[in-house]
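Q: Those letters in the sequence shown? Residues 1 to 605, per full-length UniProt numbering, in order.
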Amino acid sequence: MGGFNQCRISAAQPPVEIIPIVIVFRFRDSSVVKRLVFLACTGIFWLSGCAGSGSLRSNSNGALESDLKTLTKPVARESELVYLVLAAELAGQRGQYDIALQNYLEAARKSRDPKLAERATQIALYLKDTDKALEAVRLWVERDPKQASAHRIAAMLFLKAGQMDQALAQFRALLALPDADLEDTLIELVKWLDSEVSKEQGLRTMQRLSEEFPKVAELHFAYALLASDKGEQQLALEETQRALALQPDWSRARLLQAQVMSQMGDSEAARRAVQKALKSDPDNARLRLIYSQFLIKAGDNKAAEKELLRILDKEPHNQDARFVHAGVLMEMGQFGRAREEFLKLTDTAKWQSQAFFYLGLIEARRDRLEDSLRWFDKVTAGPLLFDAKVNAITALINLKRLPEARQRLSEVRKAFPQEALRLYLLEAELLSKNKDYEGAFDLLTEALDELPGQTELLYSRALVAEQLGRLDVLESDLRTVLEKNPNDPNALNALGYTLADRNDRLQEAKDYLDRAIELKPDDPAVLDSYGWLQYRLGNYGSALTYLRRAYQSVRDPEIGAHLGEVLWESGKRQEAKRIWKEAIKKNPDQEDIQRIKMRYRDAFK
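1) Would DSSP call K34 helix, strand or coil?
2) Here's the rule: buried if 16 or more other CB atoms are within 10 angstroms of the residue's CB, otherwise exposed. What is L468?
3) Taking C-beta to C-beta, are A550 and D522 nearer than 7 angstroms?
4) Quick check: what's the CA-CA separation for Y497 versus V526?
5) Determine the burial state of E446: buried for a count of at least 16 other Cβ atoms within 10 Å of its Cβ, exposed for fewer.
6) At the level of alpha carbons, what is the spacing between K433 and L544?
7) Please name the residue in L402, I362, E363 and E419 whose C-alpha comes closest to that of L385.
8) At which residues does the alpha helix (DSSP H) containing Q170 begin and terminate?
9) Can you give the Cα-Cα distance for Y512 and L492, rounded to whole angstroms?
10) From A120 to L81, what does the alpha carbon distance come to, in whole angstroms?
11) Does DSSP classify D113 as helix, strand or coil?
12) Helix, strand or coil: how does DSSP classify R578 here?
13) Just to confirm, are T346 and A338 a CB contact at a threshold of 7 angstroms?
14) R401: beta carbon under 6 angstroms from a heavy atom of the ligand MG?
15) Measure how close the beta-carbons of N539 and L519 come, nearest whole angstrom, since I'm counting them as under 8 angstroms.
16) Inspect the beta-carbon positions of A176 and A167 and report whether they are closer than 7 angstroms.
17) Indicate whether L186 and H151 have their beta-carbon atoms separated by less than 7 angstroms.
18) To the nearest angstrom, how far is the alpha carbon of L56 from that of Y83?
19) In three-state terms, what does DSSP make of Q241?
20) Going by Cα to Cα distance, which pick from K585, R310, L361 and L209 is closest to F171?
21) Helix, strand or coil, according to DSSP, for T348 in the structure here?
22) Nearest by alpha-carbon distance to R408: which of P557, W192 and L396 is it?
23) Reducing DSSP to helix, strand and coil, say where P417 ends up.
24) Count the CB pairs spanning the region 194-208 and the region 224-243 that are closer than 8 angstroms, and state whether there are at least three.
25) As a quick exercise: from A222, A561, L537 and L373, pick the residue whose alpha carbon is nearest that of Q507.
26) Less than 7 angstroms separating the beta-carbons of E239 and A224?
27) Please classify H317 as buried or exposed, where buried requires at least 16 other C-beta atoms within 10 Å of its C-beta.
28) At the level of alpha carbons, what is the spacing between E591 and E575?
29) CB-CB under 8 angstroms to K585, same chain, minus the five flanking residues each way: which ones, in chain order?
30) For A133, I'd like the list of residues in its chain whose CB is within less than 7 angstroms of its CB, leaving aside the five on either flank, ordered along the chain.
31) Just to confirm, is the Cβ distance from V260 to S280 under 7 angstroms?
32) Expressed to the nearest angstrom, what Euclidean distance is found between the alpha-carbon atoms of A603 and G564?
33) Can you name, in chain order, every residue of its own chain whose Cβ lies under 6 angstroms from the Cβ of L359, other than the five neighbours on each side?
34) Looking at the structure shown, is R470 part of a helix, part of a strand, or coil, going by DSSP?
35) On the DSSP letters alone, give me the boundaries of the alpha helix (DSSP H) that A395 sits inside.
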């Protein structure tokens, strides 16, 4: 090892046998690479010479010193760069990015090679070190003034630092470049402004830029894009108009204009904007697809299908158009054709889970519940996963496979805790429909332990408590609801009706129902309750007025039972029989109908 120490090039230089591996891999495109590789290879030559060349060791010390000076003089600066870059790369491999940045930045200062400045910029951005990123990008722009990426990043960093004048200078340089890719550059800028600075600062920046460069359509487009994202729709509309005044046939700007118009509630103007864009770019499938969606929104499914078929005729593999087409066919009730289209999408990754879901929906609408369940169960991911699971449970309920449905409900509640309320209510409804009121009551009590004070759960438990004769719980739950919202018409109606039906706290019932009917004067349920209250108070004429209005609005068996009873007690027995007959035909097992049949036996002889 003594020979190596004696012959080394520099005391600071790292072991040279590592250099060619790391440097060539990292910097094979750099202009400094060739010099670095040359140095590395020279270092290896010197190392082998020191270790094994007798002729070199036989030279006198003076001759050796002279030879080394001659060899190292042209590469001394490059040797330092080799060390800095190698140290940076090794630090990066070890996760010491701050050291890597320090060495790359020092190398960039010493070299004219833009790749070193670019690398330093990238690391500084990764570390979110704005000061060093600014220094590095300044070097990058200086060393490669024709590089659009350098100006783009420099502009954004200057904006972030609040140095508007320097940012504008970078944009001027960018606009002068022939390959600036201005549209995508500015869209990237908008994304950055949207996430990195306040709404006010972002809009102020784009305003300054558009004023500085009023004839650049891309800037007005970018300004409109940011304004739209920030909810400033009128400003966005004005800027799209300025962009289109400069480039009338720019379909991307026309699409943004249509989107803004749609967000402002002017769907017809939005549709016309897309239609206008199509005239200048009739072969643009994306435009035609968007136009078809406007037609769907307007309810013109036939015209939408025509547009979608034009796309599919030219592009049979356009699966986006096929998916929308299948949806249109479903809306039109053409389930057979829709099913064929969705089946074609089951091998397409993008649309597979949605295709499975809608195939399940089609089979459910055809009352093919087993097939429906199989399709829903194929959905294992994607935005419709929760809906597929709930629909599968619904299929199980309709198939009378209730234990399995309840088991799945429990599993889905664990998988989707944010949907627990909806799932508890669904299961409680399932139990109530099967007259398992005890089970529904216990379930809702469990739900309220998990979601205390939840209004919908309290209201649902109150209704179940009524079926169990637990009027104390009903009253307590409804009063809790009214404490939270004194003007809840449903709770006012339910509590008022219960008190009226018990016939012992009629004035209190009237207080609740007076407020309910003031809030919902045309609601059939409230009209029925108020009519029933008037009957309990002995006001038969007023009772008939409210009950007739309720029954004319909704031919509900419960309302029919009430109306028939008041008619009978008012002496209008033939009309009462007719109403009861209608109600029995509609739902012979309804509880009020059963009560009427027991109480007024003579009416049914």
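Ideal Cβ positions, reconstructed from N, Cα and C, are used throughout, including at glycine. These numbers were taken from a predicted model, which means no experiment stands behind them.
A: Reading off the structure:
1) With a pLDDT of 38 at K34, under the threshold of 50, the modelled position of this residue cannot be trusted; read the value that follows with caution. Looking at K34 - three-state DSSP - the assignment turns out to be helix.
2) exposed
3) no
4) 9 angstroms
5) exposed
6) 30 angstroms
7) E419
8) M164 to A176
9) 5 angstroms
10) 14 angstroms
11) coil
12) helix
13) no
14) No copy of the ligand MG appears in this structure; indeed no ligand is present at all.
15) No, N539 and L519 are not in contact; Cβ-Cβ is about 21 angstroms, not under 8 angstroms.
16) no
17) no
18) Its pLDDT being 29, under 50, L56 is placed unreliably in this model, and the coordinates cannot settle the point.
19) helix
20) L209
21) coil
22) L396
23) helix
24) yes
25) L537
26) yes
27) exposed
28) 21 angstroms
29) none
30) T121, A124, L125 and L157
31) no
32) 11 angstroms
33) F342 and W375
34) coil
35) L385 to N398
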